[in-house]
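Protein chains in written order, with this note's numbering: chain A, 1 to 150; chain B, 1001 to 1150; chain C, 2001 to 2150.
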Amino acid sequence: MPDPIAERLRLLEDREAIRDLIARYGPLADTGNAEAVAALWSEDGVYAVGGMGEARGRPAIAALISGPVHQSLLADGCAHVLTSPAIDLAGDSAVARCHSVVFRHEDGEWAPVRVAANRWELRRGADGWQVVRRDNALLDGSAAARALLS
Amino acid sequence: MPDPIAERLRLLEDREAIRDLIARYGPLADTGNAEAVAALWSEDGVYAVGGMGEARGRPAIAALISGPVHQSLLADGCAHVLTSPAIDLAGDSAVARCHSVVFRHEDGEWAPVRVAANRWELRRGADGWQVVRRDNALLDGSAAARALLS
Amino acid sequence: MPDPIAERLRLLEDREAIRDLIARYGPLADTGNAEAVAALWSEDGVYAVGGMGEARGRPAIAALISGPVHQSLLADGCAHVLTSPAIDLAGDSAVARCHSVVFRHEDGEWAPVRVAANRWELRRGADGWQVVRRDNALLDGSAAARALLS
């Protein structure tokens, strides 16, 4: 029979670990640390970025960070701002939903150049919680972006 | 005598539940799910929106989401971005304070059209934590908006 | 021998306390409560604000809030929006990293006038967790700002 206290504790630890994992994306993306960003995902994880295609596997995800679009953002100055996610936990897997806003710097000013919906699928493996799939879609009135948040 | 471990655990669970409740508002508002938004509140809950009057009870809160102002936002593309709240817990009730920013999409760009202070009164009932009252006021220099955060 | 359940619980409590401490900065800054803002720091704490020098000790930190730059922001209307931090805990000390965005109101509109990287050093003392040092740097393409997030 499982200890109810230990069980309740584990639920909180799981939620904390997932929140922390997602909180690391923005700071790592803004330092340009491609390998560390990719390591948030599982080996075969997927990152589908609205308007920019789908990266499959850590090397492809790292390539998004080391690629010209992201490097140009870093050179100008940018912030990948994510909100604290709403988390639905189900044993060793979870779905989290949040917003992301990318601010881009230009001439001493910043503009929110991407405002997007994010749906994260996460799984607990031998190395703890990892991202299995992240879908990101611009909140530009499209039904597909709204659907990620429901 | 209460078990001190169980007591500490419950405090953390309460804070987690409140944070999660507030984290659900933005994604639900941006999907336009009026009933799910309203269900974050208690039956007789109040949502006082700066510059837009006061909605009392779930049907009135749902009407804010299904009404023309919010539907126009959704059609253009929007994000209801909330910060992770500072929570003051007192037994079965709590007060949480956070910011909210509404980004509105237009012609491939986004603008922060509402930047507001939010004060949430929450209560734990038979169905868990619910919002009893949310006050929202535009941070436009007014003392009333600042007062919500103190 | 330490109780493993109590140990796990304390780790969660520490992370919750740190997150809560950081979540209080924005609302307190936007109410202009200089003493309450300064009390988030230890007596000899440091707040190094990008482009505005370094405040050492609570009186100097309070002076940032009661000073003309911040008071002008408050008069116009502002929001100090912080993201939920990524926290690295090590016993009685911790490092947390997050973004901050200052929105300034003017003529019914808001603009993100400061978008910055933040690195917090925190310590647990007799009065609980406090900020020992906060470094803040504008994300304007400078390597120094990016370094705070890594």
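Glycine is no exception: its CB is placed at the ideal position from the N, C-alpha and C atoms. Everything numeric in this text was worked out from a predicted model, so none of it was measured.
When the options are compared against residue i, the one with the closest alpha-carbon
| i | options | result |
| --- | --- | --- |
| R2015/C | L2074/C, V2037/C and L2089/C | L2089/C |
| E2013/C | L2082/C, G2091/C and P2027/C | G2091/C |
| A2147/C | A2055/C, R2123/C, A2117/C and L2064/C | A2117/C |
| V2081/C | A2096/C, S2066/C, A2094/C and V2113/C | V2113/C |
| D2135/C | A2126/C, V2115/C, I2018/C and E2121/C | E2121/C |
| I1065/B | I1018/B, Q1130/B, L1021/B and D1030/B | D1030/B |
| H1105/B | A1079/B, L1021/B, A1145/B and G1032/B | A1079/B |
| Q1130/B | Y1047/B, S1150/B and A1111/B | Y1047/B |
| A18/A | R56/A, E109/A, R123/A and W110/A | Going by the sequence as given, residue 18/A is Ile instead of Ala. I18/A has its Cα closest to that of R123/A, out of R56/A, E109/A, R123/A and W110/A. |
| A2055/C | S2150/C, R2133/C and A2145/C | R2133/C |
| I1022/B | E1035/B, R1119/B and A1111/B | R1119/B |
| D2020/C | L1028/B, E1035/B and A1096/B | A1096/B |
Proximal chain A residues relative to residue i, where beta-carbon distance stays under 9 Å
| i | result |
| --- | --- |
| W1129/B | Ordered by position in chain A, no residue passes the 9 Å Cβ test against W1129/B, which lies about 14 Å from the chain. |
Contact list for residue i against chain C, beta-carbon separation under 7 Å
| i | result |
| --- | --- |
| V81/A | T2083, H2099 and V2101 |
| G26/A | T2083 and H2099 |
| A94/A | The contacting residues do not exist; A94/A stays about 17 Å from chain C at best. |
Buried versus exposed call for residue i [16 or more other C-beta atoms within 10 Å across all chains shown]
| i | result |
| --- | --- |
| G2053/C | exposed |
| R10/A | exposed |
| V2069/C | exposed |
| P2004/C | exposed |
| D2107/C | exposed |
| D2044/C | exposed |
| A94/A | buried |
| A179/A | Any property of residue 179/A remains undetermined from this structure, which presents chain A solely from 1 to 150. |
| G125/A | exposed |
| G2128/C | exposed |
| G50/A | buried |
| G1026/B | buried |
| G32/A | buried |
Interface partners of residue i on chain C, CB under 9 Å
| i | result |
| --- | --- |
| L9/A | I2005, R2008, L2009 and L2012 |
| H105/A | V2115, L2138, L2139, D2140 and G2141 |
Interface residues of chain C facing residue i [CB-CB closer than 8 Å]
| i | result |
| --- | --- |
| W120/A | By Cβ distance, chain C contributes nothing, its closest Cβ being about 14 Å from W120/A, past 8 Å. |
| A1117/B | P2027, D2030 and A2079 |
| R1133/B | Within 8 Å Cβ-Cβ: nothing; R1133/B doesn't reach chain C, min ~17 Å. |
| R1124/B | None at all; the shortest Cβ gap to chain C is about 18 Å. |
Contact set between residue i and chain B, taken where Cβ atoms lie within less than 7 Å
| i | result |
| --- | --- |
| N2205/C | Summary: the structure shown does not reach residue 2205/C, with chain C confined to residues 2001 through 2150, and so no result is reported for it. |
| R15/A | E1016 |
Contact list for residue i against chain A, beta-carbon separation under 7 Å
| i | result |
| --- | --- |
| G1077/B | L139, D140 and G141 |
Chain-ordered chain A contacts of residue i [CB-CB under 8 Å]
| i | result |
| --- | --- |
| R1019/B | S84 |
| P1112/B | P112 |
Under 9 Å from the C-beta of residue i: neighbouring residues of chain B
| i | result |
| --- | --- |
| A22/A | Checking the sequence shown, residue 22/A turns out to be Ile, not Ala. Neighbours of I22/A on chain B: none; closest Cβ ~11 Å, over 9 Å. |
Per the contact definition of three or more C-beta pairs closer than 8 Å, is the region 1063-1082 of chain B in contact with the region 134-146 of chain A? yes
What residue ranges within the region 2028-2102 of chain C form continuous alpha helix (DSSP H) runs of no fewer than 4 residues, ordered along the chain? 2034-2038, 2058-2066 and 2068-2076
Would you say the region 1077-1097 of chain B touches the region 1052-1068 of chain B, given that touching needs at least three Cβ pairs under 8 Å? no
Three Cβ pairs or more, each shorter than 8 Å: is that satisfied between the region 1091-1103 of chain B and the region 1034-1048 of chain B? no
Using a Cβ-Cβ cut-off of less than 7 Å, give me the residues of the region 1037-1069 of chain B that come near chain D, in sequence order. Checking the listed chains, one finds no chain D in this structure; the protein chains it contains are A, B and C.
Minimum length 3: unbroken beta strand (DSSP E) runs contained in the region 1094-1144 of chain B: 1109-1125 and 1128-1138
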